[in-house]
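*Asks:* Okay, here's the structure, questions in a sec.
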Amino acid sequence: MNADIRPIRTPAEQALIAELDQLPSVNDRLGDLRLAAARSFEENGLPHRRVEEWKYTDLRTLMRDAVPVAGTAAVAEADARAKLLREVEARRIVVANGAVVPELSDFSALEEGLTLRSLADVIASGDDVAARIGGIVPGRYDAALALNTALAKDGVVLEVAPGAHIERPIHVVHVFAGSAPAASFARSLVVVGEGATLTYVESFEGPAGIAYQVNSATEFYVGDETHLDVVRLQEESASAIHLSTLLFEVGRRTQLHTFTFAMGAAVARTSLYATLSGEDSHIAFNGATLLKDRQHSDSTLFVDHKVPGCESRELFKTVLDDQSRGVFQGKIVVRQAAQKTDGRMMSRALVLGDDAEMDNKPELEIFADDVQCGHGATCGAIDDELLFYLRARGIPLKEAQSLLVQAFVGEAIETVEHDGLREALIACAEGWLKARA
Amino acid sequence: MPAVQETVEQVRSIDVDQYKYGFFTDIESEKAAKGLTEETVRFISAKKDEPEWMLEWRLEAFRRWQTMREPDWARVNYPPIDYQELYYYAAPKKKDGPKSIDDIDPEILATYEKLGIPLRERDALLGIESGASRVAVDAVFDSVSVATTFKEELAKAGVIFMPISEAIREYPELVKKYLGSVVPVTDNFFATLNSAVFSDGSFVYVPKGVRCPMELSTYFRINERNTGQFERTLIIADEGAYVSYLEGCTAPMRDENQLHAAVVELVALADAEIKYSTVQNWYPGDSQGKGGIYNFVTKRGDCRGDRSKISWTQVETGSAITWKYPSCILRGDESRGEFYSIAISNGYQQVDSGTKMIHLGKNTTSRIISKGIAAGHSDNTYRGLVSAHRKATGARNFTNCDSLLIGDKCGAHTVPYIESKNSSAQFEHEATTSKISEDQLFYCQQRGLDPEEATALIVNGFVKDVLQQLPMEFAVEAQKLISVSLEGSVG
């Protein structure tokens, strides 16, 4: 049982390594970064269940084949497929198959203090901000991020000047277009200057029935005294594989709120890494996951308290129907210097399907004594008494269940501050429940 | 409350790194050659006069062990252990073997007396008159069991309580049937090592429908230098039986680290109940982190029958490193597993402990209460697994792990794994980490307690849920231990 694990490469790994071998050798910082990421992937390969952070999402078995890197998407098709959150008043930037589509994106009349470009443009122009790509390092090898760093060529680079208040949300629409399975890689960068505010939205979707793969990573540099809201809606096709990484470097007296909503993909994994390196910040990572059929969805977060006086709150809700599998892994680290930290993490799962599985792993790692930290995890079916109460009032079973599920998920969605977004997300949850009934 | 008063007195009377069980008994002992080879295994087996099948069983384990790697997933750091630098067998030299308690080397008797463990039954009986209850003791000194008390009285009730080495000879069928059935030979690195070289330990069999008339207890003492202690305990409660078992451990103070790798297997058949309590107080090392016992223990209980129950209670105050996860396999329908733990670390101690509750049967329930207290430069980790199998409908678990940090150089960590594979399982987990509340300290001090007394009082309150689960004699002892372990952590 403790025999050495021999590095036999799976077909998917071999295909990815072959892809990485074709990386052009460019002698600059980004070129080196790509090569280093490629090398670390070649060495470590896809994670499997013996890799602690991926214990419940064994990519070696879940990702059987690696598909070729996607080509340029047809503009009309990308436009037709990008349906999510269209009703929300926001500046839309469309990223199709990992590349910004200028025809569908609104780069006009940018608010004062807002700089918005594609990553490809930024790299081509040699702008200084490109040096920030790969600047936030999660501290341990992450296969999804390594692949993204090596293979992503485009994405969005968004900068908000100090003190600028950007009222209108920026919505980055990630869409897959095409009729053959392919892989898309997108890398984005968000830099929020001191005292600025921003609402940043990401959505993910693609055509049903096509086993495409999406790997997205976004780095957020959250400056001092900023207010940043990040809302994320993942509704990939039920055959897709979705891997994403969100990295945050958080400054002093910052308000950072994220909400990740996951409903799609056959296999999905979202990793959030946050480093709190400025005092007195407040962060809230909330999320909801709705799963059915044989979907597998993993939310993993890692919050590193490095300085005193920060507050972190995490609330994740998972609803599991049919034979789906939900994973929540959350780790709060409180370093010795981070006295007066207040950390609270909660993961709740509601299991509707008899054969559904929920794996919870909330972790605390604490080296400072003057702290208040806690976590909770629950998992169970719908309370029979609540159901009975509703049914006694003439509400049919399915409807009663829907009401209770809606209330359950609603608690997490309610944390979204932006009215339009919140309503749109509630509508998404309702749509999911309706499809179930 | 007198117990608290006692705690306070203990705190006053003992210095920071004074480990009161740290003395060494100067006694001639017989050791196996240093290092571990097939010869060592054969030597131990021959010493114990074991049948052929047992030797084969050990050799099989030894061969397996050679192919295994030491696990490294726990949050403990220690220099690599050189398994060839240890003695795997040490026994006090016998003068013809003791026939009765009076033949035991007086040095050993004195040692146990000093530890507060009466081996003479008449001493113990005197105890009854003065109000203390009777406890049958199996005393294990280094690699061998030196005395087992109340054997006859237990035999009258049909209870078998003897060193496992004797049981292998006298009840080979029972041993063959159950040994390795809960912790398989190949379970993990340390369990396999233990299977190869275990020298003694206790064997308990409680027959159908018998309620064991007294508490059973084993007292482990490591005495020799450079020795590892590898004991093996096997407890079987047949249908409807009940047994409560206590375990205590101490070792002398030494500069080098010593290895202790035990295996405990519990089997509860239908309607049986086993209550297993441990007060582990191996030498934790000095205040600079030098020396101490490496405690790598595999403990597992199997609720094999319906409605069976296994309850683990542990107070972990000693050892430089604790690596220990007493677990319950809830196989029988409506079986129940419980785990109550207090883990205290001070100085440079490292504790990585917790439990596994594996729900396999229908309507199985489990409860985990873990209290970790970290002080000094220590690290204290709770690591636990609760899982419900697809067929374990109606499984229920409640977990509560609280950690208390005293001082800003220690760490407290919680790593729970909660895996639910069916919709009717209901799992609840909660964990908190904090320091002693300033308000509570202030309140106590305002009423005239000094900071140490106040801390002792609050800590006692913090661990009360677990202490209540201990048998009475142990609870008092444990309470004292807690205050001693936290010695010097305040102010």
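So the protein lines, in turn, are chains A and B.
Going by my numbering, the residue at position 188 of the first sequence is 714; the numbering climbs one at a time, nothing skipped.
Going by my numbering, the residue at position 237 of the second sequence is 363; the numbering climbs one at a time, nothing skipped.
Ideal Cβ positions, reconstructed from N, Cα and C, are used throughout, including at glycine.
In the DSSP assignment, find the unbroken alpha helix (DSSP H) run with A:Tyr-799 in it and report its ends.
*Replies:* Careful: A:Tyr-799 lies outside any alpha helix (DSSP H), inside the beta strand (DSSP E) at 793-802.
*Asks:* By alpha-carbon positions, which one of B:Lys-435, B:Glu-556, B:Ser-471 and B:Gly-533 ends up nearest to B:Tyr-97?
*Replies:* Nothing about residue 97 of chain B can be reported from this structure: the residues present for chain B run from 127 to 617 only.
*Asks:* By how many angstroms is the C-alpha of A:Gly-946 removed from the C-alpha of A:Leu-878?
*Replies:* So the alpha carbons of these two residues sit roughly 29 Å apart.
*Asks:* List the residues of chain B that A:Phe-893 touches, going by C-beta distances under 7 Å, in chain order.
*Replies:* Going along chain B in sequence order, the residues near A:Phe-893 (Cβ under 7 Å) are Gly-537.
*Asks:* Applying the criterion that 16 or more other CB atoms from any shown protein chain within 10 Å of the CB defines a buried residue, is A:Leu-673 buried or exposed?
*Replies:* With 16 or more Cβ atoms within 10 Å of its Cβ, A:Leu-673 is classed as buried.
*Asks:* Please compile the residues from chain C whose C-beta is within a distance smaller than 8 Å of the C-beta of B:Asp-565.
*Replies:* Absent from the structure: chain C. Protein chains present are A and B.
*Asks:* Identify whether A:Ile-649 lies in helix, strand or coil by the three-state DSSP scheme.
*Replies:* A:Ile-649: helix per DSSP, three-state reduction.
*Asks:* Around the Cβ of A:His-901, are there at least 16 other Cβ atoms within 10 angstroms (buried) or fewer (exposed)?
*Replies:* By the 10 Å Cβ count, A:His-901 comes out buried.
*Asks:* By how many angstroms is the C-alpha of A:Arg-874 removed from the C-alpha of A:Tyr-582?
*Replies:* Going by the C-alpha atoms only, they are around 17 Å apart.
*Asks:* Apply the 10 Å Cβ neighbour rule to B:Phe-346 and answer buried if 16 or more other Cβ atoms are within range, or exposed otherwise.
*Replies:* Buried, by the Cβ-count rule.
*Asks:* So B:Ser-461 and B:Thr-490 are in contact, right, with Cβ under 8 Å, and what is the actual spacing, rounded?
*Replies:* Yes, B:Ser-461 and B:Thr-490 are in contact; Cβ-Cβ is about 5 Å, under 8 Å.
*Asks:* How many whole angstroms separate the CB atoms of B:Ala-283 and B:Pro-339, which I take to be in contact at a CB cut-off of 8 Å?
*Replies:* Contact holds; Cβ gap of about 5 Å.
*Asks:* Who pairs with A:Tyr-726 in a beta bridge, going by DSSP?
*Replies:* Paired residue(s): A:Ile-696 and A:Val-756.
*Asks:* I'd like to check one pair, B:Thr-344 with B:Ala-265: are the Cβ atoms closer than 9 Å?
*Replies:* Yes, the pair counts as a contact, with Cβ atoms nearer than the cut-off.
*Asks:* Under 9 Å between the Cβ atoms of A:Phe-567 and A:Ala-669?
*Replies:* Contact flag set, yes.
*Asks:* Counting pairs of beta carbons, one from the region 550-567 of chain B and one from the region 912-928 of chain A, are three or more of them closer than 8 Å?
*Replies:* The answer is no - the region 912-928 of chain A does not touch the region 550-567 of chain B, with fewer than three Cβ pairs under 8 Å.
*Asks:* I think A:Trp-958 touches A:Leu-816, with their Cβ atoms under 8 Å apart; what is that distance to the nearest whole Å?
*Replies:* Confirmed, Cβ separation roughly 5 Å.
*Asks:* Have a look at B:Pro-577 and B:Val-585 and give me their C-alpha separation to the nearest angstrom.
*Replies:* Roughly 12 Å between the two C-alpha positions.
*Asks:* DSSP three-state call for B:Ser-675: helix, strand or coil?
*Replies:* In this structure chain B extends from 127 to 617, so residue 675 of chain B is not present and cannot be described.
*Asks:* In whole angstroms, what separates the C-alpha of B:Tyr-569 from that of B:Pro-333?
*Replies:* Taking the straight line from one Cα to the other gives about 53 Å.
*Asks:* Once you ignore the five residues that flank B:Val-423 on each side, which residues in its own chain have a CB closer than 6 Å to its CB?
*Replies:* Around B:Val-423: Ala-388 and Lys-450.
*Asks:* Fully enclosed by the region 359-408 of chain B, which beta strand (DSSP E) runs are 3 residues long or longer?
*Replies:* 368-376, 383-386, 389-394 and 399-406, all fully within the region 359-408 of chain B.
*Asks:* Pairs of beta-carbons, one from the region 585-604 of chain B and one from the region 932-945 of chain A, closer than 8 Å: are there three or more?
*Replies:* No, they do not touch.
*Asks:* Ordered along the chain, which non-local residues of its own chain (more than five positions away) have a Cβ less than 6 Å from that of A:Glu-629?
*Replies:* Contacts found: Val-601.
*Asks:* May I ask you to report which of helix, strand or coil DSSP gives A:Leu-610?
*Replies:* Coil.
*Asks:* What residues in its chain sit with their C-beta under 6 Å from that of B:Ile-286, if we drop five residues either side in the sequence?
*Replies:* Correct list, in chain order: Tyr-331.
*Asks:* What separation, rounded to the nearest whole angstrom, lies between the Cα atoms of A:Ala-604 and B:Arg-430?
*Replies:* Cα to Cα, A:Ala-604 sits roughly 59 Å from B:Arg-430.
*Asks:* With distances taken between CB atoms, is the gap from B:Ile-544 to A:Asp-885 smaller than 9 Å?
*Replies:* Result yes, Cβ atoms of B:Ile-544 and A:Asp-885 sit closer than 9 Å.
*Asks:* Using a C-beta cutoff of 9 Å, does A:Thr-815 count as contacting chain B?
*Replies:* Not closer than 9 Å to any Cβ of chain B, the Cβ of A:Thr-815 fails to qualify, so no.
*Asks:* When you compare the CB of B:Arg-248 with every CB in chain A, is at least one pair closer than 9 Å?
*Replies:* Caution applies to B:Arg-248, whose pLDDT of 47 falls short of 50 and renders its modelled position unreliable; the value that the coordinates give is listed next. No, because no Cβ of chain A sits closer than 9 Å to the Cβ of B:Arg-248.
*Asks:* Please classify A:His-783 as buried or exposed, where buried requires at least 16 neighbouring CB atoms within 10 angstroms.
*Replies:* Flag for A:His-783 reads buried.
*Asks:* Identify the continuous alpha helix (DSSP H) that holds B:Glu-296 and give its terminal residues.
*Replies:* Looking at the DSSP string, the run of the alpha helix (DSSP H) that includes B:Glu-296 is 290-296.
*Asks:* Using CA atoms only, rank isn't needed, just tell me which of A:Val-897, A:Ser-825, A:Arg-962 and A:Ala-926 is closest to A:Glu-911.
*Replies:* Answer by Cα proximity: A:Ala-926.
*Asks:* Just to confirm before moving on: does the CB-CB distance between B:Ala-469 and B:Ser-453 stay below 9 Å?
*Replies:* Not in contact: B:Ala-469 and B:Ser-453 (Cβ atoms no closer than 9 Å).
*Asks:* Using alpha carbons as the reference points, say which of A:Ser-551, A:Val-756, A:Glu-539 and A:Lys-818 lies closest to A:Ala-961.
*Replies:* Nearest option by C-alpha distance: A:Lys-818.
*Asks:* Tell whether a beta-carbon distance below 9 Å holds between B:Pro-177 and B:Arg-295.
*Replies:* Their beta carbons are under 9 Å apart, which means B:Pro-177 touches B:Arg-295 by this criterion.
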